[in-house]
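Chemist: The structure that follows is given in the form of structure tokens.
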Amino acid sequence: MPLNTRCHLTMMPLEILHHIALDLMKLTPIGPAVQLGPLMQTCSTLNACLSPKRNPNLFGAIYRHKLDSAAVERRLGRPTSRQWAAWGRRAFEAMRYFRKGVLRYDDDDNDERLLEALRVGVMLMLDDDGKNVRQMILWARADVFVQRLVMTRLYERSEENQGWPRETPLIAYALQLMWLLTSEGKVFFALRNPP
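The sequence shown begins at 3 in this note's numbering and counts up by one.
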């Protein structure tokens with residue numbers, strides 16, 4: 003008896019699949035939409051229907067749900083789904099970089115990738131209405147990453163600048179992001195428990 007390999011999910015209208023994918027994504031509000039992976043791997047047709055290229059509306063809605071949107075819309079107007087999908091992809095790439103926690107790689111491209119991640123992190127925090135900071139701290143652990151980065155690289159090659167930190171974009175973004183991720187509670191804790 004031949005096996006029927008047809009995926010019955012593909013017979014549903016795309017709009018219903020879109021709602022299923024959004025509801026799956028809402029199961030874990032912190033972090034990327036990892037629940038979509040198994041759904042998209044169900045069959046190649048479903049993968050194609052739900053891919054970011056073919057369905058930017060879905061990914062725009064996902065990132066609008068996972069990241070703060072009000073500040074972005076106040077500043078830039080209402081971005082399109084394609085723009086939201088591109089911004090969300092960029093934001094989660096930066097957060098994955100923080101989450102890895104690796105301060106140095108062997109290749110020369112690392113500082114450019116690190117600088118881009120820091121830039122995006124600063125933009126996320128400037129647009130924060132509550133969701134972005136939760137993503138940055140709870141999922142990406144960006145506060146820990148940036149603190150380690152500042153502690154290890156702030157005085158790097160400072161002898162060239164009479165012992166002062168060099169004024170580089172990397173250090174500037176790292177310090178700004180560190181400040182934006184610092185809460186009142188962390189300041190009080192640091193004051194009560196000096197090193």
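Yeah, the Cβ is synthetic: ideal placement off N, Cα and C, and Gly gets one too.
On a predicted model such as this, the values are computed, not experimentally measured, just so you know.
Between Leu52 and Leu24, is the Cβ-Cβ spacing less than 8 Å?
Modeler: no
Chemist: Under a Cβ-count criterion, where at least 16 other Cβ atoms within 10 Å of its own Cβ denotes burial, should Ala96 be classed as buried or exposed?
Modeler: buried
Chemist: Around the Cβ of Ile32, are there at least 16 other Cβ atoms within 10 angstroms (buried) or fewer (exposed)?
Modeler: exposed
Chemist: Can you grab the Cα-Cα spacing for the pair Leu116 / Asn134, in whole Å?
Modeler: 19 Å
Chemist: May I have a chain-ordered list of the alpha helix (DSSP H) segments no shorter than 4 residues that lie completely inside the region 17-96?
Modeler: 38-42, 46-52, 58-68, 72-78
Chemist: So what's Ala142 in DSSP terms, helix, strand or just coil?
Modeler: coil
Chemist: Locate the alpha helix (DSSP H) running through Asn134, then write down its first and last residues.
Modeler: 133-136
Chemist: Would you call Leu105 buried or exposed, if buried means 16 or more other Cβ atoms sit within 10 Å of its Cβ?
Modeler: exposed
Chemist: So, at 7 Å on beta carbons, what are the nonlocal neighbours of Thr44 in its own chain, with the 5 sequence-adjacent residues on each side left out?
Modeler: Cys9, Leu11
Chemist: Take Arg143 and list the residues in its own chain whose beta-carbon comes closer than 8 Å to its own, dropping the five residues that flank it on each side.
Modeler: Phe100, Arg101, Gly103
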